[in-house]
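A.B. asks:
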Amino acid sequence: MDIDKLEEILEVKFTDTSLLEQSLIHRSALNENDDLTLGSYERLEFLGDAVLDLVVSQELYTRCLDLDEGGLSKGRSNLVRGSTLAVIAQELTLGEFLILGKGYSDSGGRTTESNLAAAYEAVVAAIYLDQGLNCARDFIIRTYGIRLDDLTSIGTEASNYKSLLQEHYQAIGQASPTYTVISIEGPDHDPVFTIQVTVEETTIGTGSGTRKSEAEQNAASDALRKLSTMTRI
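All the letters of the sequence shown, read from the start, carry residue numbers 86 to 318 under the numbering used here.
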């Protein structure tokens, strides 16, 4: 594992890099490699889940002053569900760094939604243990990007990124986005669709999911995130 490259992607410099390494070790690798003494990421995933819930809950509480308890809970569920975490993990290319057993890797383990989501949570925990809560919070907010902004502006319907993207291009008088499947990976029982969204033959975003509709939403989310780096929409 290229720790320096991964730290550059995460924008976090670790004091104890073994925490970062462990956050990407899947249990399948332990059965094939006696040299791995750190254990799998499962305990870190458990802790990362709690840290993520805390940070997201606090952001919602601070940003969404008009939401009651039920609305806040629904908003948090939208933000911390596995499909959302898997997309963020893909944006960070965490799948490339996962340490898997050879057989599991060959069968599509690097692109499985559950593995990507777990890896993101484990990385969050590793940052929390090594650098503290403030650094973990900054990492979560940075990697979530426009997803948090979308939720505060449109309430709890944060999953309808396609409508947001459509409205944006209608407002500026351009053609509507189109969605195309570019790959289907993973085992037959757990396929991962990758879809690209284009406007006037220009690719503006890509996304993956275990359903085509989910992949389209994630592609639209990616496009919105990229647009937000250029201008507020």
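The beta-carbon is built from N, C-alpha and C at its ideal position, and this holds for glycine as well.
Between C149 and G155, what straight-line distance do the alpha-carbon atoms span, to the nearest angstrom?
C.D. replies: The straight-line gap from Cα to Cα measures roughly 12 Å.
A.B. asks: Along the chain, where does the beta strand (DSSP E) containing Q255 start, and where does it finish?
C.D. replies: First-last for Q255: Y246 to A256, but that is the alpha helix (DSSP H), not the beta strand (DSSP E).
A.B. asks: Can A171 and E198 be called in contact, C-beta distance under 7 Å?
C.D. replies: Yes; because the gap between Cβ atoms is below 7 Å, this pair is in contact.
A.B. asks: According to DSSP, simplified to helix, strand and coil, what is E299?
C.D. replies: Here E299 sits in helix by DSSP.
A.B. asks: Using the Cβ count rule (16 or more neighbours within 10 Å means buried), how would you classify T291?
C.D. replies: It counts as buried.
A.B. asks: Output the boundary residues of the beta strand (DSSP E) element that contains G290.
C.D. replies: Unbroken beta strand (DSSP E) run through G290: T287 to G294.
A.B. asks: Going by the DSSP bridge assignment, what does I110 pair with across the sheet?
C.D. replies: I184.
A.B. asks: With 16 other CB atoms within 10 Å as the buried threshold, where does V266 fall?
C.D. replies: Burial call: exposed.
A.B. asks: Buried or exposed for F278, going by 16 or more other Cβ atoms inside 10 Å?
C.D. replies: Buried is the call here.
A.B. asks: Counting only the same chain and skipping the five closest in sequence on each side, list residues whose C-beta sits under 7 Å from that of Y264.
C.D. replies: Hits under 7 Å: I280, V282, E301 and A304.
A.B. asks: Would you report the Cα separation of T228 and I173, rounded to the nearest angstrom?
C.D. replies: If you take the alpha carbons of T228 and I173, they lie about 7 Å apart.
A.B. asks: Tell me where the alpha helix (DSSP H) around E206 begins and ends.
C.D. replies: E198 to Q216 is the extent of the alpha helix (DSSP H) around E206.
A.B. asks: Just the C-alpha distance for A260 and N163, rounded to the nearest angstrom, thanks.
C.D. replies: Distance between the alpha carbons of A260 and N163: 29 Å.
A.B. asks: What is the C-beta distance between L129 and A210, in whole angstroms, given that I count them as a contact (C-beta under 8 Å)?
C.D. replies: Yes, they are in contact, since the Cβ atoms of L129 and A210 sit about 4 Å apart, within 8 Å.
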